[in-house]
Each structure stands twice: as structure tokens, then as C-alpha cells.
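Trainee: Below are the C-alpha cells for one structure; questions will follow.
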Amino acid sequence: AKTVGRGSYRFFEAAMGKEVRERRVLEKALRRALVQGELRLVYQPQIAIRTGAVTGFEVLMRWQHPERGFVSPALFIPIAEESGLIQEIGAWALTEACREAAGWDVSLSVAVNVSGIQIHDPAFAPSVRAILSETGLDPARLELEITETALIRDPDRASTNLRELKALGLRIAMDDFGTGYSSLSNLRLFPFDQIKIDSSFVAAVDSNPQAAAIVRSVIGLGAGLGLPVIAEGVETAAELAFLTAENCHAAQGYFIGRPGPIAAFACHTHRSPAP
Ligand code: C2E
Ligand code: CA
Ligand code: CA
Ligand code: CA
Numbered sequence: 042a043k044t045v046g047r048g049s050y051r052f053f054e055a056a057m058g059k060e061v062r063e064r065r066v067l068e069k070a071l072r073r074a075l076v077q078g079e080l081r082l083v084y085q086p087q088i089a090i091r092t093g094a095v096t097g098f099e100v101l102m103r104w105q106h107p108e109r110g111f112v113s114p115a116l117f118i119p120i121a122e123e124s125g126l127i128q129e130i131g132a133w134a135l136t137e138a139c140r141e142a143a144g145w146d147v148s149l150s151v152a153v154n155v156s157g158i159q160i161h162d163p164a165f166a167p168s169v170r171a172i173l174s175e176t177g178l179d180p181a182r183l184e185l186e187i188t189e190t191a192l193i194r195d196p197d198r199a200s201t202n203l204r205e206l207k208a209l210g211l212r213i214a215m216d217d218f219g220t221g222y223s224s225l226s227n228l229r230l231f232p233f234d235q236i237k238i239d240s241s242f243v244a245a246v247d248s249n250p251q252a253a254a255i256v257r258s259v260i261g262l263g264a265g266l267g268l269p270v271i272a273e274g275v276e277t278a279a280e281l282a283f284l285t286a287e288n289c290h291a292a293q294g295y296f297i298g299r300p301g302p303i304a305a306f307a308c309h310t311h312r313s314p315a316p
């Protein structure tokens, strides 16, 4: 038994070693990616459900690795967080997105994802202030998307930073609402301006009565708190019909529009098509 134990331990160690090495390789590549322009941003439209009009875009990061091809942000964002690269990459994305939005003919909003590391960093709010002034974007057009799990490491610190950010005139959305441990307390603890219902609930509204009841209640909760509610991950006409019937404010998802290069949305961002 002892030999087997040792053997499986060695196997485990080797497997761990491989994973650690793999992450180190990606981390190095990510460091280079930013300088070499392998990172870019795609934009996904958000609509007001009542009018169907595009009101803004969520910004999502993409990494095209020269050999590996597309690397998912679900993989490289955690690596950026662990390696301390997230501040630099996050500042890059925010600057790009604000500069882009400042160039539009219409005042649509731009929603940028912010990691827990950034939200706990006392230098973050000052850096957002600098980016806003450098790009000239009206702060009222900027929204930061933050998941509740990003706030739990040091809620006091995070809360102070959120208030400092809000003082700049921007808005904060609670991303992936309903997937954290204490979504309701977090709504009271942190100064959110919008609730983003997680796609796992939205995807099931047309097939699962529990999901439908939860989404209906979250919309009611938003109404009671005076917070607009946006549903993410809307993939079908039936899901959008449900959200419309329930008076949800806004929606986003493949059924409305897939994330794409901003040029694909020039008809929304510019009065006449971009040259
Ligand atoms: P998220 O913030 O929850 O973003 C929504 C994800 O759902 C995106 O995946 C988007 O492409 C995808 N999506 C949009 N509509 C639909 C739909 O109708 N159906 C389905 N199945 N998926 C849909 P993506 O782009 O792969 O990003 C994954 C996650 O990576 C994001 O989740 C976010 O947590 C993180 N991420 C992406 N860009 C950034 C960034 O610039 N900064 C930070 N900190 N995180 C980012
Ligand atoms: Ca998001
Ligand atoms: Ca989300
Ligand atoms: Ca569905």
C-alpha cells in the first residue's frame, strides 16, 4: 500500500508540475502579448428591452496567441490575476475602451469588466480618473462590471474604493448576480447601480420554472431597490419574450448580438457609416 501511495503521490506531483509549468509558459506569453499587440477588445451590444434600442456595449478581452490561437479570457484572466499582470492589462483595456467610446457620435455606454485585484488596489480609482481625463470620456458613459466574489477579500477596502470610483461619476454593475454566497447582503453593502442577472438563470427561464421564478424575483428586487436589471446570456426569442413580459430593463446575449469588433457596430456608434 505504501508503494502505491508513494507512486500515486509522485504521479500527482508530476501532474501538478505539468500544470504549474503550463501556467508559467502562458504567463510569460501573456507578458509579451500586451507589448506585441496580441490582445484586442470585442464589443457586445446591450439593448433597452422596451424600445429594442442599443444603449451600450460590454467590452470583452480577446487573446490571439501566435501558435495556440484563441485563448479564452476564462483561462488567461486568472493567470493575469495571479501573476500581477492584471493591473497593466486592465488599465490597457479600460484606456482602449474609453478612447473608443469617446470617439462615437452617440453617447452610448461602455461596460468594462474589473477584476477583484483591481478593485482592492488603492491605486485603481486614481488610475480610472487619469484614464477618463486622458481620453475625455464622459464618466456617466462608463460602467464597471464587478462580480460579488471579487469584493469579498477585504469588503471594507473594496467598498471604500467603489465609493471613490462612484465619486468620479461612473456606474457600477453587479455582474453574475445570484451566483455568489450572499448576493442580497452584497446589494446592501456595496453601492451598485445595476444588477446583471447571471446567464445560468436567464438560459433556463423558458425551460425551468425555478429559474423563471428567480429571474422574475430579481427583476422585482431591482424595481424595489430602484436599480435597473440587465439579463445576460439571452440566446433565444423565448427568453427575450419572457424578459419583456416581466418588464426587465435591458438584455444582452447571442440572440441580440454576438461580441465582435466595434467596426461591426458602426451603424450604432456613428451617424453615418464609418469610412
Ligand atoms: P462575463 O463578464 O460574465 O462575460 C460574459 C461572457 O458570456 C463572455 O464570455 C461573453 O462572450 C459570453 N456571452 C455573451 N452572450 C452570451 C450568450 O448568449 N450565451 C453564452 N453562452 N455566452 C455568452 P468571454 O468573452 O469568454 O469572457 C469570459 C469571462 O472572462 C467574462 O465573463 C469575464 O469574467 C472575463 N473577462 C473577459 N474580458 C475581461 C476583461 O477585460 N477584464 C476582466 N477582468 N475580465 C474579463
Ligand atoms: Ca461581465
Ligand atoms: Ca457575467
Ligand atoms: Ca433557454
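Residue numbering for the sequence shown follows the numbering used here, beginning at 42 and increasing consecutively.
C-beta: ideal position from N, C-alpha, C; glycine also.
In angstroms, rounded to a whole number, what distance separates the CA positions of residue 70 and residue 154?
Mentor: Taking the sequence shown and counting its residues from 1, the one referred to as residue 70 is at position 29. Taking the sequence shown and counting its residues from 1, the one referred to as residue 154 is at position 113. C-alpha separation (whole angstroms): 22 Å.
Trainee: Taking only heavy atoms of ligand 4 into account, decide whether any of them is closer than 8 Å to the Cβ of residue 147.
Mentor: Position 106 of the sequence shown holds residue 147. No.
Trainee: By the three-class DSSP mapping on this structure, what secondary structure does residue 79 have?
Mentor: As a first step, residue 79 must be located in the sequence shown, where it is residue number 38. Reduced to three states, the DSSP call for residue 79 is coil.
Trainee: With a threshold of 16 other CB atoms inside 10 Å of the CB of residue 237, please say whether the residue is buried or exposed.
Mentor: The residue you call residue 237 lines up with position 196 of the sequence shown. With 16 or more other Cβ atoms within 10 Å, it is buried.
Trainee: Counting only runs of 3+ residues fully inside the segment 245-300, write out the beta strand (DSSP E) ranges in chain order.
Mentor: As far as the segment 245-300 is concerned, its whole beta strand (DSSP E) runs of at least 3 residues are 270-272.
Trainee: Whole alpha helix (DSSP H) runs in the segment 138-187 with 4 or more residues, listed along the chain?
Mentor: Complete alpha helix (DSSP H) runs here, min 4: 157-161 and 165-176.
Trainee: Are there any heavy atoms of ligand 3 lying less than 8 Å away from the beta-carbon of residue 273, as far as the coordinates show?
Mentor: Taking the sequence shown and counting its residues from 1, one reaches residue 273 at position 232. For ligand 3, at least one heavy atom lies less than 8 Å from the Cβ of residue 273.
Trainee: Heavy atom of ligand 2 less than 8 Å from the Cβ of residue 154, yes or no?
Mentor: On the sequence shown, residue 154 is found 113 positions in, with the first residue counted as 1. Checking every heavy atom of ligand 2 against the Cβ of residue 154, one is found closer than 8 Å.
Trainee: Assign residue 174 to buried or exposed, taking buried as 16 or more other Cβ atoms, counted over all protein chains shown, within 10 Å of its Cβ.
Mentor: Taking the sequence shown and counting its residues from 1, one reaches residue 174 at position 133. It is exposed - the Cβ of residue 174 has fewer than 16 other Cβ atoms within 10 Å.
Trainee: Look up residue 197 in the DSSP assignment and give the residues it is bridged to.
Mentor: One-based indexing of the sequence shown puts residue 197 at position 156. In DSSP, residue 197 forms no bridge with anything.
Trainee: Here's the rule: buried if 16 or more other CB atoms are within 10 angstroms of the residue's CB, otherwise exposed. What is residue 194?
Mentor: Numbered from its first residue, the sequence shown carries residue 194 at position 153. The residue in question, residue 194, is exposed, as its Cβ has fewer than 16 Cβ neighbours within 10 Å.
Trainee: If you check the beta carbons only, do residue 80 and residue 102 fall under 9 Å apart?
Mentor: Reading the sequence shown from its first residue, position 39 is the one you call residue 80. Reading the sequence shown from its first residue, position 61 is the one you call residue 102. Cβ distance < 9 Å, so residue 80 and residue 102 count as in contact.
Trainee: Regarding residue 99 and ligand 2, is the C-beta to nearest heavy atom distance less than 8 Å?
Mentor: By one-based count along the sequence shown, residue 99 stands at place 58. Correct: residue 99 has its Cβ closer than 8 Å to ligand 2.
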